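Residue numbers (my numbering): 29 to 339.
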């Protein structure tokens, strides 16, 4: 028995013949031919060890060829404490041709202790206000404070995540729920996905990472299940063939393509074809910290482009 799709194509070809139109080609899904595209970003962790300071970090990223970056809230706060202003920072960002795609902060919004949790929400509110003034509309929301002791009620975590997403919508800075592979609670894709979905908010987004997926033992076969709309920023890095999830640390991360991580497979599963995916290099490598920051940033961009060239 012929399928409805076959009958449809036959009918279209017959119709084109009657109307004198050239034969129609076989219709192919857009996804079969469209290729993902990427925005290359530098997470300032990559040159954090050089102790350049907020302004100089931006200059190095721009000079290396990046047009997108992820900043760290503590670096921004130090800049402000030393006399800098948000208006000056925004002008500097604009003059350098940069976009702040995301920010890295560590507010304890997820914890069970109500006093600490409320302080975490207030911290996020202050940070969101600063970020909105810089033109940044995302911030990381890791499970800070809920990493050492297992047993966090994920349903309550979802309620808390919804609270900060609702706050983020009002302040135009959306918290990206971050997976931490070493966490006792949000170390796996299934746990982070549950919290994001159970929050019931359409603006919920997840922040994943090559290293943390490996560290937490998440199955890459599950990546397509989370939906490509759920990821806007993805942290890239790599790890050696000898790496073991139980012993690997943040400092073991290396440039993309310098290890054995299946980065291409991961990006193919996550990258949409209707919009760019921000891929941001996040490493904490002491060997890189001993090198010139500009050279490190240039290497980072070149290796990110190389690993995505064939996708």
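Built from N, CA and C at the ideal position, the CB exists for glycine as well.
As the structure is a computational prediction, the values presented were derived from the model and not from experiment.
Cβ separation of residue i and residue j, assumed to be a contact under 8 Å, to the nearest whole Å
| i | j | result |
| --- | --- | --- |
| residue 75 | residue 87 | With 8 Å as the limit, residue 75 and residue 87 do not qualify as a contact, their Cβ atoms being about 11 Å apart. |
| residue 252 | residue 289 | Actually they do not touch by this definition, with Cβ atoms about 18 Å apart. |
| residue 325 | residue 94 | 7 Å |
| residue 205 | residue 169 | 5 Å |
| residue 292 | residue 339 | 6 Å |
| residue 311 | residue 262 | That pair is no contact at about 14 Å. |
| residue 321 | residue 80 | 6 Å |
Residue nearest to residue i in terms of C-alpha spacing, selected from the options
| i | options | result |
| --- | --- | --- |
| residue 70 | 264, 280, 274, 114 | 264 |
| residue 239 | 99, 266, 227 | 266 |
| residue 141 | 131, 172, 79 | 172 |
| residue 196 | 154, 247, 185, 106 | 154 |
| residue 131 | 116, 241, 115, 96 | 96 |
| residue 275 | 243, 188, 337 | 243 |
| residue 207 | 117, 175, 199 | 175 |
Beta-carbon proximity list for residue i, same chain, < 7 Å, skipping 5 on both sides
| i | result |
| --- | --- |
| residue 245 | 216, 273 |
| residue 183 | 226 |
| residue 285 | 266, 331, 334, 335 |
| residue 59 | With a pLDDT of 44 at residue 59, under the threshold of 50, the modelled position of that residue is not reliable, and the figure given next carries that caveat. Correct list, in chain order: 301. |
Backbone CA spacing between residue i and residue j [nearest angstrom]
| i | j | result |
| --- | --- | --- |
| residue 221 | residue 234 | 8 Å |
| residue 91 | residue 226 | 42 Å |
| residue 98 | residue 127 | 9 Å |
| residue 194 | residue 129 | 19 Å |
| residue 282 | residue 314 | 10 Å |
| residue 180 | residue 248 | 24 Å |
| residue 327 | residue 72 | 14 Å |
| residue 119 | residue 152 | 23 Å |
| residue 335 | residue 63 | 14 Å |
| residue 138 | residue 185 | 6 Å |
| residue 122 | residue 178 | 43 Å |
| residue 46 | residue 250 | Residue confidence is low: residue 46 scores 38 on pLDDT, short of 50, so the model does not pin down where it sits. No coordinate-derived value is stated. |
| residue 318 | residue 229 | 43 Å |
| residue 55 | residue 302 | Note that residue 55 scores 41 on pLDDT, short of 50, meaning its location in the model is unreliable and no value can be drawn from it. |
| residue 115 | residue 277 | 37 Å |
| residue 219 | residue 213 | 7 Å |
| residue 210 | residue 106 | 28 Å |
| residue 89 | residue 316 | 15 Å |
| residue 280 | residue 241 | 14 Å |
| residue 231 | residue 113 | 30 Å |
| residue 109 | residue 102 | 10 Å |
| residue 329 | residue 308 | 10 Å |
| residue 78 | residue 198 | 36 Å |
Own chain partners of residue i with C-beta closer than 6 Å, once the 5 adjacent residues on each side are dropped
| i | result |
| --- | --- |
| residue 104 | 82 |
| residue 201 | 156, 159, 160, 165, 167 |
| residue 300 | 256 |
| residue 148 | 135, 136, 137 |
Other residues of its chain near residue i: CB distance less than 8 Å, five sequence neighbours each side excluded
| i | result |
| --- | --- |
| residue 144 | 136, 173 |
| residue 260 | 166, 204, 233, 305, 306 |
| residue 223 | 182, 185, 186, 189, 205, 214 |
| residue 192 | 137, 149, 152, 169, 203 |
* To do: Only counting runs of 4 or more residues, tell me where the alpha helix (DSSP H) segments fall wholly within the stretch 134 to 209, in order along the chain.
  => Qualifying alpha helix (DSSP H) stretches, in chain order: 142 to 162, 182 to 199.
* Contiguous beta strand (DSSP E) assignments of at least 3 residues, all confined to the stretch 211 to 273 -> The DSSP assignment places complete beta strand (DSSP E) segments of no fewer than 3 residues inside the stretch 211 to 273 at 233 to 237, 259 to 264, in order along the chain.
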